[in-house]
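Data block below; observations after.
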Amino acid sequence: MSKITDRQTDRQTDRQTDRQTDRQTDRQTDRQTDRQTDRQTDRQTDRQTDRQTDRQTDRQTDRQTDRQTDRQTDRQTDRQTDRQTDRQTDRQTDRQTYIVFIFKHTRLTRYQLFGEPEEERTNL
1 MSKITDRQTD RQTDRQTDRQ TDRQTDRQTD RQTDRQTDRQ TDRQTDRQTD
51 RQTDRQTDRQ TDRQTDRQTD RQTDRQTDRQ TDRQTDRQTD RQTDRQTYIV
101 FIFKHTRLTR YQLFGEPEEE RTNL
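Listed below in structure tokens is the structure:
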């Protein structure tokens with residue numbers, strides 16, 4: 001009976017050892033799979049987050065650049081317009097001053113000065 005009992009015990013021990021080994025292997029495999037999946041998910045999430053952050057940063061930078069460019073363009077346009085307006089105003093003022101000077105210091109009439117015909121003078 002001893003041989004039979006030994007065999008049964010050996011079988012029982014072998015089964016238990018196999019089960020334990022299988023469980024251990026399964027746990028390790030599960031952990032490795034979980035880690036691998038977690039890493040891949042983390043990488044994908046990181047990439048997605050990086051892309052979104054890059055897009056937001058690019059948009060923000062583009063907006064700021066556009067605003068700066070618009071301001072700069074507006075300033076330049078304003079300066080050019082102001083200069084042009086100032087020149088025209090200066091010319092008109094100079095002409096008027098010149099005309100007043102001539103009227104005051106000469107005995108010429110407006111018609112004589114600008115060469116307008118005498119008949120137009122009578123219509124006024």
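Read in order, the letters of the sequence shown are residues 1 to 124 in UniProt numbering. Positions of the beta carbon are idealized from the N, C-alpha and C atoms, including for glycine.
In whole angstroms, give me the CA-to-CA distance for residue i and residue j.
i: Q80; j: T97; result: 25 Å
i: D26; j: Q44; result: 27 Å
i: T69; j: F101; result: 47 Å
i: Q12; j: Q24; result: 18 Å
i: R55; j: D42; result: 20 Å
i: D10; j: Q28; result: 26 Å
i: K104; j: R87; result: 25 Å
i: T49; j: T57; result: 12 Å
What residue range does the alpha helix (DSSP H) around residue i cover?
i: T17; result: 2-105
Could you pull out every residue in the same chain whose Cβ sits closer than 6 Å to the Cβ of residue i, ignoring the five residues on either side in sequence?
i: D90; result: none
At the 8 Å Cβ level, is residue i part of the contact set with chain B, yes or no?
i: T57; result: The structure shown has no chain B; it contains just one protein chain.
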